[in-house]
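A.B. asks: Quick one: structure below, then a few questions.
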Amino acid sequence: MNITQLTLEQTPPLSVPFRFFLTAPLFGILAALLLLGSGPTIFSSRWSLEVITLTHLLTLGFISMVIFGAFLQFLPVLVGSPVPYPRLVSTLLHLLLTIGSLSLTSGFMMTQVVLIEMALVLLGLSFIGFMSIIGYSLIRTKSNAATVTAMRLAWLALAITVVLGLILGTGFGYGYNLSSLAKLTNLHLGWGLLGWVGLLIIGVAYQVVPMFQITPPYPAMVKRWLTPLIFLTLLTWSGFYWLFNLNNFSWILFGLMDLIGIEFSLFALVTLQLQSWRLRKLPDVTLDYWRIGMIGLLLSFILGLAGLIWSDLSDTPIYQLQLGILFIAGFILPVIQGMLYKIVPFLIWLHWQNQQLNILTPVRLVKIPHMKQIIPDRWARYQLWVYFISLILLIIVALYPSKLIYGVSMSFMLAFALLTYNLYRSLWLYWSVSQQLIAKSMMENPIS
Ligand code: HEM
Numbered sequence: 145m146n147i148t149q150l151t152l153e154q155t156p157p158l159s160v161p162f163r164f165f166l167t168a169p170l171f172g173i174l175a176a177l178l179l180l181g182s183g184p185t186i187f188s189s190r191w192s193l194e195v196i197t198l199t200h201l202l203t204l205g206f207i208s209m210v211i212f213g214a215f216l217q218f219l220p221v222l223v224g225s226p227v228p229y230p231r232l233v234s235t236l237l238h239l240l241l242t243i244g245s246l247s248l249t250s251g252f253m254m255t256q257v258v259l260i261e262m263a264l265v266l267l268g269l270s271f272i273g274f275m276s277i278i279g280y281s282l283i284r285t286k287s288n289a290a291t292v293t294a295m296r297l298a299w300l301a302l303a304i305t306v307v308l309g310l311i312l313g314t315g316f317g318y319g320y321n322l323s324s325l326a327k328l329t330n331l332h333l334g335w336g337l338l339g340w341v342g343l344l345i346i347g348v349a350y351q352v353v354p355m356f357q358i359t360p361p362y363p364a365m366v367k368r369w370l371t372p373l374i375f376l377t378l379l380t381w382s383g384f385y386w387l388f389n390l391n392n393f394s395w396i397l398f399g400l401m402d403l404i405g406i407e408f409s410l411f412a413l414v415t416l417q418l419q420s421w422r423l424r425k426l427p428d429v430t431l432d433y434w435r436i437g438m439i440g441l442l443l444s445f446i447l448g449l450a451g452l453i454w455s456d457l458s459d460t461p462i463y464q465l466q467l468g469i470l471f472i473a474g475f476i477l478p479v480i481q482g483m484l485y486k487i488v489p490f491l492i493w494l495h496w497q498n499q500q501l502n503i504l505t506p507v508r509l510v511k512i513p514h515m516k517q518i519i520p521d522r523w524a525r526y527q528l529w530v531y532f533i534s535l536i537l538l539i540i541v542a543l544y545p546s547k548l549i550y551g552v553s554m555s556f557m558l559a560f561a562l563l564t565y566n567l568y569r570s571l572w573l574y575w576s577v578s579q580q581l582i583a584k585s586m587m588e589n590p591i592s
């Protein structure tokens, strides 16, 4: 693994990213409980409160939660720009995002205006805080590397998503009558899923796929042009969509959306190709999760094309819902889980190394587990299989709503419970080895 590009001395305390990583799967469990409670009717309408709640348990509670942690961890390391007061900042952002996501989703479910109002303040503060810190680092860094460019574009996309989210939430919370509700929602979800999360995944892939999966680097052309092109296409689509009547310009809108689909598919195909060229062909859970994610992304594109060919289909809210489910559960969630299985052991291992250097404990005194032992492959693989089964069941239920939803919710719950177990267990191992390191160093150097 080539870690020389990373500025390791800039690594913040482990608690900074871990509080986010350990909270995220709990939101996955909540999402599974919601599926269980709602039953077979949950996917009967895109606009039901259950669907909007489910969406935000996953997009805010799981996806944004992991991204917050990963950004606070890796931005200082990748761009050599430390986050000021990392413990205080991460505590505040974590509390605001967690309580904000819980109050937004419970406000939706119970139609409690006061909870939604509270959520808007908390989420507004958490995103403004996060974006200010990240924005400052992204402006300060001189780097124009492809990952940094993607992060800058994702930052802009997040700003648009949050502003639109707050406007939509105000409509809910304060009961305003938003005439362009559907348009605003589509813009909000487009910028959230394709812009904020999609661009970020691509930008991070440029760094982590070659580094962690030992593949050749992404082609220079792809790195240079892909994320700016996706951003520009999304911007053009948004302009047409907002300014003009959908019916008159539907072919342009569909064309632009399909262009975005082609751009994302290019990323998926290049990633699959690079993975097939990797130097060490050892089985790896992260790699399998990424493969599932890339195939999920390609399938989303194919479903998107079906909407272009059968235009009657694309106007139906149920089709839009299926597309959203495939994109989130088939592409974003697998990639993020795969990322967790690499980042978490890597960070724990890195902190042990730093600790060993700091307290000058010779390696021979404490046997530091290697990275593969921090989250045992067997347990990670169980979790992967359970998630994969729940994904297949979910796709079936999204196409043909039925009582199988109970199977989806149980397997989804098990998948996130196993993820929780794997992550908490790795933290426990971290603590116990860390304690051993401290104890041995005291025995060796009693005066210090
Ligand atoms: C400040 C944070 C956010 C707030 C207050 C918020 C609020 C809302 C509201 C009120 C709606 C429902 C609109 C309606 O149907 O009337 C909505 C829809 C949606 N939001 Fe958010 N949102 C936020 C962040 C996000 C993020 C970060 C993402 C994605 C990464 C996201 C993804 C979605 C999606 C996919 C929908 C569509 C759900 C559907 O069509 O059923 N939201 N949001």
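For the sequence shown, my numbering assigns the number 145 to the initial residue and increments by one for each residue that follows.
Think of the CB as a built atom: it goes at the ideal place given N, C-alpha and C, for glycine as much as any other residue.
Small disclaimer: the values here were computed from a predicted structure and weren't measured.
By the 10 Å Cβ neighbour count, where 16 or more other Cβ atoms means buried, how is residue 320 classified, buried or exposed?
C.D. replies: Looking up residue 320 in the sequence shown gives position 176. That one is exposed.
A.B. asks: Could you tell me the boundaries of the alpha helix (DSSP H) in which residue 387 lies?
C.D. replies: In the sequence shown, residue 387 corresponds to position 243, counting from 1. Run containing residue 387: 364-387, per the alpha helix (DSSP H) assignment.
A.B. asks: Return helix, strand or coil for residue 289, following the three-state DSSP convention.
C.D. replies: By one-based count along the sequence shown, residue 289 stands at place 145. The answer is coil: DSSP assigns residue 289 none of H, G, I, E or B.
A.B. asks: At 3 residues or longer, and completely inside the region 407-444: list those beta strand (DSSP E) runs for me, N to C.
C.D. replies: Taking only runs of at least 3 residues, no beta strand (DSSP E) segment lies wholly in the region 407-444.
A.B. asks: Which value, in whole angstroms, describes the spacing of the CA atoms of residue 474 and residue 583?
C.D. replies: Walking along the sequence shown from the start, residue 474 turns up at place 330. Walking along the sequence shown from the start, residue 583 turns up at place 439. Distance between the alpha carbons of residue 474 and residue 583: 45 Å.
A.B. asks: Please give me, in chain order, every unbroken run of the alpha helix (DSSP H) with length at least 4 that falls completely inside the region 289-357.
C.D. replies: Complete alpha helix (DSSP H) runs here, min 4: 290-318, 325-333, 344-357.
A.B. asks: Going by C-alpha distance, which of 386, 340, 313, 489 is nearest residue 137?
C.D. replies: The shown model of the chain, from 145 to 592, leaves out residue 137, and the question about it has no answer.
A.B. asks: Using a Cβ-based criterion (distance less than 6 Å to any ligand heavy atom), does residue 185 qualify as near the ligand HEM?
C.D. replies: Working through the sequence shown from its first residue, we reach residue 185 at position 41. Outside the cutoff, so no.
A.B. asks: Let me check understanding here. Comparing Cα to Cα, which of 577, 546, 566, 559 lies closest to residue 183?
C.D. replies: Here the question's residue 183 lines up with position 39 in the sequence shown. Minimum Cα distance to residue 183 is reached at 546.
A.B. asks: With a threshold of 6 Å (Cβ to nearest heavy atom), would residue 212 be considered close to the ligand HEM?
C.D. replies: Here the question's residue 212 lines up with position 68 in the sequence shown. Not so, every heavy atom of the ligand HEM lies at least 6 Å from the Cβ.
A.B. asks: When the Cα atoms are used, what is the spatial distance from residue 247 to residue 194?
C.D. replies: On the sequence shown, residue 247 is found 103 positions in, with the first residue counted as 1. On the sequence shown, residue 194 is found 50 positions in, with the first residue counted as 1. If you take the alpha carbons of residue 247 and residue 194, they lie about 14 Å apart.
A.B. asks: Return the chain-ordered ranges of every alpha helix (DSSP H) run that is complete within the region 515-583 and spans a minimum of 4 residues.
C.D. replies: Entirely contained in the region 515-583, the alpha helix (DSSP H) runs reaching 4 residues are, in chain order, 515-518, 521-543.
A.B. asks: Confirm, please, whether the CB-CB distance from residue 381 to residue 410 is below 7 Å.
C.D. replies: Mapped onto the sequence shown, residue 410 falls at position 266. Mapped onto the sequence shown, residue 381 falls at position 237. Not in contact: residue 410 and residue 381 (Cβ atoms no closer than 7 Å).
A.B. asks: Quick check: the region 530-542 against the region 555-570, are there 3 or more CB pairs under 8 Å?
C.D. replies: Contact holds: three or more Cβ-Cβ distances are below 8 Å.
A.B. asks: Considering only their Cβ atoms, is the gap separating residue 422 from residue 359 smaller than 7 Å?
C.D. replies: Residue 359 sits at position 215 when you count from the first residue of the sequence shown. Residue 422 sits at position 278 when you count from the first residue of the sequence shown. Yes; because the gap between Cβ atoms is below 7 Å, this pair is in contact.
A.B. asks: Is residue 345 near the ligand HEM, judged by its Cβ being under 6 Å from some heavy atom?
C.D. replies: On the sequence shown, position 201 is the one that residue 345 refers to. Answer for residue 345: no, Cβ out of range of the ligand HEM.
A.B. asks: For residue 252, report the span of its alpha helix (DSSP H) as first-last.
C.D. replies: In the sequence shown, residue 252 corresponds to position 108, counting from 1. Where residue 252 is concerned, the enclosing alpha helix (DSSP H) stretches over 230-254.
A.B. asks: Leaving out five residues on either side along the sequence, give the residues of the same chain with a beta carbon under 6 Å from the beta carbon of residue 520.
C.D. replies: Locating residue 520 in the sequence shown gives position 376, where the first residue counts as 1. Excluding residues within five positions, none has a Cβ falling inside 6 Å.
A.B. asks: Between the beta-carbon of residue 215 and the beta-carbon of residue 168, is there less than 7 Å?
C.D. replies: For the purposes of this step, residue 215 is taken as residue 71 along the sequence shown, with counting starting at 1. For the purposes of this step, residue 168 is taken as residue 24 along the sequence shown, with counting starting at 1. The answer is no: Cβ separation not under 7 Å.
A.B. asks: When the Cα atoms are used, what is the spatial distance from residue 596 to residue 226?
C.D. replies: For residue 596 there is no data in the structure shown, the boundaries of the chain being 145 and 592.
A.B. asks: Please state the DSSP three-state secondary structure of residue 491.
C.D. replies: The residue you call residue 491 lines up with position 347 of the sequence shown. In the structure shown, residue 491 sits in a helix (DSSP, three-state: H, G or I).
A.B. asks: Among the residues of its own chain, which have a CB less than 6 Å from the CB of residue 542, if the five just before and after it don't count?
C.D. replies: For the purposes of this step, residue 542 is identified with residue 398 of the sequence shown, where counting begins at 1. Only 187, 466, 469 meet the Cβ criterion.
A.B. asks: Cβ of residue 312 versus every heavy atom of the ligand HEM: is any distance shorter than 6 Å?
C.D. replies: Numbered from 1 along the sequence shown, position 168 holds the residue referred to as residue 312. True, at least one ligand heavy atom lies under 6 Å from that Cβ.
A.B. asks: Using C-beta distances below 8 Å, list every residue in its chain close to residue 117, excluding the 5 sequence neighbours before and after it, in chain order.
C.D. replies: Outside the shown range of the chain, which is 145 to 592, sits residue 117, and nothing can be said about it.
A.B. asks: Along the chain, where does the alpha helix (DSSP H) containing residue 276 start, and where does it finish?
C.D. replies: Within the sequence shown, residue 276 is the residue found at index 132, counting from 1. Looking at the DSSP string, the run of the alpha helix (DSSP H) that includes residue 276 is 257-284.
A.B. asks: For the structure I just gave you, are there three or more beta carbon pairs, one from the region 252-266 and one from the region 276-286, closer than 8 Å?
C.D. replies: With a cut-off of 8 Å, the region 276-286 and the region 252-266 do not count as touching, because too few Cβ pairs lie within range.
A.B. asks: At a cut-off of 6 Å, is residue 165 close to the ligand HEM when judged by its beta-carbon and the heavy atoms of the ligand?
C.D. replies: The count along the sequence shown starts at 1 and reaches residue 165 at position 21. Result no, Cβ not under 6 Å from the ligand HEM.
A.B. asks: Using the C-alpha atoms, what's the distance from residue 533 back to residue 176?
C.D. replies: To locate residue 176, count along the sequence shown from 1; it is residue 32. To locate residue 533, count along the sequence shown from 1; it is residue 389. So the alpha carbons of these two residues sit roughly 14 Å apart.
A.B. asks: Are the beta-carbon atoms belonging to residue 351 and residue 291 less than 7 Å from one another?
C.D. replies: Numbered from 1 along the sequence shown, position 207 holds the residue referred to as residue 351. Numbered from 1 along the sequence shown, position 147 holds the residue referred to as residue 291. Cβ distance < 7 Å, so residue 351 and residue 291 count as in contact.
A.B. asks: State the Cα-Cα distance for the pair residue 531 and residue 270, rounded to the nearest angstrom.
C.D. replies: Along the sequence shown, read from residue 1 onward, the residue named residue 531 stands at position 387. Along the sequence shown, read from residue 1 onward, the residue named residue 270 stands at position 126. One C-alpha to the other measures close to 30 Å.
A.B. asks: Using only the heavy atoms of the ligand HEM, determine whether one of them is closer than 6 Å to the beta carbon of residue 199.
C.D. replies: For the purposes of this step, residue 199 is taken as residue 55 along the sequence shown, with counting starting at 1. At least one heavy atom of the ligand HEM is nearer than 6 Å to the Cβ of residue 199, so yes.
A.B. asks: Check for me: the alpha helix (DSSP H) holding residue 171 runs from which residue to which?
C.D. replies: By 1-based counting over the sequence shown, the position of residue 171 is 27. Here the alpha helix (DSSP H) through residue 171 covers 159-182.
A.B. asks: Buried or exposed: which applies to residue 346, given that a residue is buried once 16 or more other Cβ atoms fall within 10 Å of its Cβ?
C.D. replies: Counting from 1 along the sequence shown, the entry for residue 346 is found at position 202. It is buried - the Cβ of residue 346 has at least 16 other Cβ atoms within 10 Å.
A.B. asks: Taking all protein chains shown into account, decide if residue 158 is buried (16 or more other Cβ within 10 angstroms of its Cβ) or exposed.
C.D. replies: Within the sequence shown, the letter at position 14 stands for residue 158. Under this definition residue 158 is a buried residue.
A.B. asks: Give the single residue among 461, 229, 253 whose Cα lies nearest to the Cα of residue 179.
C.D. replies: Locating residue 179 in the sequence shown gives position 35, where the first residue counts as 1. Taking only the C-alpha atoms, the option nearest residue 179 is 253.
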